[in-house]
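First comes the structure, then the notes that go with it.
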Amino acid sequence: MTEFRGTWTEDDVETFLQETTVPIRIATRRPDGSPWIVTLWYRYRDGALECATQANADLVRFLRHEPAIAFDISTNRVPYRGIRGNGTVEIDSDGGPVLRDLVERYLGGTDSPLAEWLLDEEREEARIRIAPDEIYSWDYSDRMGAGSSDRTA
């Protein structure tokens, strides 16, 4: 069960995750113990965060070795707001459907050279499913002013 702390209610967090199309930053450890951070597209489904990446990516190997992670999803423009937390990762080989949804979410469709490259049938994709243990939200809108209300901020 996810523990929610910070400025927003659980419903506010879910709305932010559904409507905001900034990438997730995932922090993990390499097998030698050194820290590693990566940025990926995500979708929020049934209380979990889902990403896709190439099945042979270093990240997949790192997460198989150490499934405990920390994450951050936050806007890059004023007013700054977002969530951070920690959780556990599960990886499976069914990343294709997730990737298609992510391409549509972040690129607005599948009709572009990048989308075609990402969705090439020759690519093997892994699904990364993050089960959050703790989510902490913050929103600096009151002290920073309205600023940009762009959902991709």
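Each residue of the sequence shown is one higher than the last, beginning at 44 in this note's numbering.
Here a beta-carbon is modelled for each residue, glycine too, at the ideal position from N, C-alpha and C.
Note that the structure is a prediction, hence the values are computed from the model and not measured.
What does DSSP give as the partner residues of residue i in its beta bridges?
i, result
"residue 114", "69 and 128"
"residue 153", "None, per the DSSP bridge assignment."
Skipping 5 residues on each side, what residues in its chain have a beta carbon closer than 8 Å to that of residue i?
i, result
"residue 78", "70, 71 and 72"
"residue 100", "169"
"residue 153", "143, 146, 147, 159 and 162"
With C-beta atoms as the reference, is residue i less than 8 Å away from residue j?
i, j, result
"residue 176", "residue 46", "yes"
"residue 87", "residue 60", "yes"
"residue 124", "residue 185", "no"
"residue 156", "residue 108", "no"
"residue 162", "residue 141", "no"
"residue 82", "residue 180", "no"
For residue i, I'd like the list of residues in its chain whose CB is within less than 7 Å of its CB, leaving aside the five on either flank, ordered along the chain.
i, result
"residue 103", "96, 134 and 169"
"residue 149", "64 and 84"
So residue i and residue j are supposed to be a Cβ contact under 8 Å. How far apart are they, rounded?
i, j, result
"residue 117", "residue 56", "At roughly 12 Å, the Cβ-Cβ gap does not stay under 8 Å, so residue 117 and residue 56 are not in contact."
"residue 67", "residue 92", "6 Å"
Tell me whether residue i is buried or exposed, calling it buried when 16 or more other Cβ atoms sit within 10 Å of its Cβ.
i, result
"residue 48", "exposed"
"residue 191", "A caution first: residue 191 carries a pLDDT of 47, below 50, which makes its placement in the model unreliable, though a value can still be read off. It counts as exposed."
"residue 80", "exposed"
"residue 160", "exposed"
"residue 151", "exposed"
Among the residues of its own chain, which have a CB less than 6 Å from the CB of residue i, if the five just before and after it don't count?
i, result
"residue 172", "91, 93 and 133"
"residue 110", "131 and 132"
"residue 115", "68 and 127"
"residue 53", "47"
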